[in-house]
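Some notes on the structure that comes next.
2 protein chains.
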Amino acid sequence: MKEEQKTEQVILDAAEIEFLDKGFGLTKTTEIAARAGVNHALLHYYFRTKENLFEKVFEKKVHELSDSLLTIIGKDCPFLDRVKGGIEAHFDFIASNPKLPHFIFNELIQNPRRLDKCKPFIAPVIAAVYKTMQDGITKAVSEGKIRDIDPMHLMYDIVSMNVVVFMMQPVIGEVIELEGKEYGEFLKQRKVENVETILSRLRV
Amino acid sequence: MKEEQKTEQVILDAAEIEFLDKGFGLTKTTEIAARAGVNHALLHYYFRTKENLFEKVFEKKVHELSDSLLTIIGKDCPFLDRVKGGIEAHFDFIASNPKLPHFIFNELIQNPRRLDKCKPFIAPVIAAVYKTMQDGITKAVSEGKIRDIDPMHLMYDIVSMNVVVFMMQPVIGEVIELEGKEYGEFLKQRKVENVETILSRLRV
DNA sequence: TGCATGTTTAACAACGGTGTTAAACATAAG
DNA sequence: CTTATGTTTAACACCGTTGTTAAACATGCA
């Protein structure tokens, strides 16, 4: 029975890699099985359909992505420091999961029906982040520490800056080398730049 | 012969819509034919293969997207005004072609071989924008009008802010209504916010 | 020992998508 | 009128993918 769970997990791990790479529509169950080092009949034995298997992976990934928004609200400290920490934490998360945003966007575009299933647990997270930010902003503004900003726009600013870096990585990776920079070095600079840009927007 | 070109164009237009929506892998040639109001045999008569048809569409789209970078360099005027105009023009372009960035990224991820074919005409555009920006920045910095910034980062900042708005539209569209805002209104605000954020980053 | 469960093997059915072909038809141009 | 070309119809071959099934095997547990 331990063996049983282990195999299921091996298949799930393989499926995660394949789905994240190619999306639902272009992933072949046979290749998942091959990656898992397992017969393709066994995959159907455990999950019956590709759709079932996908949903398990997808839900997990949606949770990971929406939870990542929570990293934007960091520890309790002066607002600007908090935003800085939040941006950096979020940046690091995306750096560790570079394919995640594109994967989620793509699946939701390709099959909007999935949106209904995950809206219930995305919405509260956004609402929570929104509220926490709102409080922080109101306080910091009243203290004259920052300029006013709609929390939704601040979230968009942060997510935009952090996400695009990694979405464009496969495309720009080689081109950037033409400029003589290592891509790793560029990423480091980019993190600093993202923080600096958002903070500039906030500073009075 | 006029008829001939017209039909070819009708097919290309239909293909463009389908490919932009679903990507190469998930688009069916039969559906392209159906949308074009044309028999599916005729499609093969004109283009022989799905791949051929796709390449025609893809090249056109890559050109559109890379050329859009040129809109960032607007008319000749004080640097900050120029950047403002550039951001707005770029924003408007993406607004008119909201599916374009995701489409291009997706195809290049799915089939990196395509990158080689379009790198030759993307690279010069980036280089041109880079150089023009570099000149503008150097001058404005020496006049004490802006803080220094790497042109590549400035490009990234602008593209990031503008692109994500429309990439997340299908996902966030409904959620944002919960906040009581019209999405159209949100977009208008977003355009202002993008300009403001970038300009804040530049101002001394 | 024997049973239950996990796993493999191998073959198969069903389906859908790509691309081909041949025959018929429409129509404009010579 | 005749020919060339664009177009439709309908049928087809080919292939890959999903999902199923039956039989055999391995292994641990009763």
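Protein chains in written order, with the working numbering: chain A, 1 to 204; chain B, 205 to 408. Think of the CB as a built atom: it goes at the ideal place given N, C-alpha and C, for glycine as much as any other residue. What you are looking at is a predicted structure, and each value in this text was computed from that prediction instead of being measured.
For residue 32 of chain A, which three-state DSSP category applies? Secondary structure at residue 32 of chain A: helix, using DSSP grouped into helix, strand and coil.
Which ranges would you report for the alpha helix (DSSP H) in the region 310-394 of chain B if only whole runs of at least 4 residues count? Within the region 310-394 of chain B, the complete alpha helix (DSSP H) runs of at least 4 residues are 317-346, 355-371 and 373-381.
Would you identify the three-state DSSP class for residue 48 of chain A, choosing helix, strand or coil? When secondary structure is reduced to three states using DSSP, residue 48 of chain A falls in the coil class, being assigned neither helix nor strand.
Applying the criterion that 16 or more other CB atoms from any shown protein chain within 10 Å of the CB defines a buried residue, is residue 1 of chain A buried or exposed? Reliability fails at residue 1 of chain A, whose pLDDT of 42 lies under 50, so the model's placement of it is uncertain and the value that follows must be treated cautiously. Burial call: exposed.
Just curious, the alpha helix (DSSP H) that residue 440 of chain B is in, first and last residue? The question about residue 440 of chain B has no answer here: the residues shown for chain B are numbered 205 through 408.
Can you pull the DSSP bridge partners for residue 405 of chain B? The partner list for residue 405 of chain B (beta bridge, DSSP) is empty, contrary to what the question assumes.
Using the rule of at least 16 other Cβ atoms within 10 Å of the residue's Cβ for burial, across every protein chain shown, is residue 204 of chain A buried or exposed? Residue 204 of chain A should be labelled exposed.
Using the C-alpha atoms, what's the distance from residue 309 of chain B back to residue 223 of chain B? Roughly 13 angstroms between the two C-alpha positions.
When the Cα atoms are used, what is the spatial distance from residue 256 of chain B to residue 164 of chain A? If you draw a straight line from the Cα of residue 256 of chain B to the Cα of residue 164 of chain A, it is about 30 angstroms long.
Is residue 267 of chain B helix, strand or coil when you go by DSSP? Residue 267 of chain B sits in a helix when the DSSP states are folded into three classes.
With 9 angstroms set as the bound, which would you pick, yes or no: does the beta-carbon of residue 388 of chain B sit closer than that to a beta-carbon of chain A? False, the Cβ-Cβ gap to chain A never drops below 9 angstroms.
Quick one: any contact between the region 129-148 of chain A and the region 340-349 of chain B, if contact means 3 or more CB pairs under 8 angstroms? Taking 8 angstroms as the limit for Cβ pairs, the verdict is that the region 340-349 of chain B does not touch the region 129-148 of chain A.
State the Cα-Cα distance for the pair residue 328 of chain B and residue 363 of chain B, rounded to the nearest angstrom. The alpha-carbon of residue 328 of chain B is positioned some 17 angstroms away from that of residue 363 of chain B.
Contact under 9 angstroms by Cβ, residue 391 of chain B with residue 299 of chain B: Taking 9 angstroms as the cut-off, the beta carbon of residue 391 of chain B is found closer than this to the beta carbon of residue 299 of chain B.
Answer with yes or no whether the minimum CB distance from residue 153 of chain A to chain B is below 9 angstroms. Residue 153 of chain A counts as touching chain B.
Can you give the beta carbon distance from residue 78 of chain A to residue 374 of chain B, rounded, assuming they're within the 8 angstroms contact cut? The pair is not a contact, with the Cβ atoms about 37 angstroms apart (cut-off 8 angstroms).
Would residue 386 of chain B be called buried (16 or more neighbouring beta carbons within 10 Å of its own) or exposed? It counts as exposed.
Option in B:226, B:288, B:209 and B:221 with minimal Cα separation from residue 251 of chain B: Among B:226, B:288, B:209 and B:221, the Cα nearest to that of residue 251 of chain B belongs to B:209.
Is DSSP giving residue 277 of chain B helix, strand or coil here? Looking at residue 277 of chain B - three-state DSSP - the assignment turns out to be coil, as it is neither helix nor strand.
Look at the Cβ atom of residue 59 of chain A, then the Cβ atom of residue 117 of chain A, and state whether they are nearer than 9 angstroms. Yes. Within cutoff.
Within 10 angstroms of its Cβ, does residue 396 of chain B collect 16 or more other Cβ (buried), or is it exposed? Under this definition residue 396 of chain B is an exposed residue.
Mind pulling the chain A residues with CB within less than 7 angstroms of residue 270 of chain B? In chain order: nothing, as chain A lies at least about 11 angstroms away.
By the 10 Å Cβ neighbour count, where 16 or more other Cβ atoms means buried, how is residue 307 of chain B classified, buried or exposed? Label assigned to residue 307 of chain B: buried.
One question on the structure: do residue 353 of chain B and residue 274 of chain B come within less than 9 angstroms of each other, judged by their Cβ atoms? In terms of Cβ geometry, residue 353 of chain B and residue 274 of chain B do not form a close pair [threshold 9 angstroms].
For a test of the three-state rule: what should DSSP assign to residue 213 of chain B, helix, strand or coil? Here residue 213 of chain B sits in helix by DSSP.
Which residues in chain A have a C-beta closer than 9 angstroms to the C-beta of residue 230 of chain B? List them in chain order. In chain order: 23, 25, 26 and 110.
So, is residue 243 of chain B buried or exposed, given that buried needs 16 or more other C-beta atoms within 10 angstroms? With a 10 Å radius around the Cβ and a threshold of 16 neighbouring Cβ atoms, residue 243 of chain B comes out exposed.
Using a Cβ-Cβ distance under 9 angstroms, would residue 69 of chain A count as near chain B? Contact of residue 69 of chain A with chain B is not assigned, every C-beta pair being separated by 9 angstroms or more.
Cα separation between residue 10 of chain A and residue 66 of chain A? The straight-line gap from Cα to Cα measures roughly 25 angstroms.
List, in chain order, every chain B residue whose beta-carbon is nearer than 9 angstroms to that of residue 57 of chain A. What residue 57 of chain A touches in chain B: nothing, since even the nearest Cβ is about 18 angstroms away.
Local conformation of residue 303 of chain B per DSSP, three classes: Looking at residue 303 of chain B - three-state DSSP - the assignment turns out to be coil, as it is neither helix nor strand.
Would the beta-carbon of residue 266 of chain B fall within 9 angstroms of that of residue 402 of chain B? No. Outside cutoff.
Which listed residue (A:64, A:8 and A:24) has its alpha carbon closest to that of residue 37 of chain A: Comparing alpha-carbon positions, the option among A:64, A:8 and A:24 lying closest to residue 37 of chain A turns out to be A:8.
CB contact below 9 angstroms: residue 393 of chain B versus chain A: Output row for residue 393 of chain B: interface = yes.
Using the C-alpha atoms, what's the distance from residue 258 of chain B back to residue 146 of chain A? Answer to the nearest angstrom: the Cα atoms are 50 angstroms apart.
Chain-order list of residues whose beta-carbon lies under 8 angstroms from that of residue 225 of chain B (same chain, five-residue window excluded): Result list for residue 225 of chain B: 231 and 303, in chain order.
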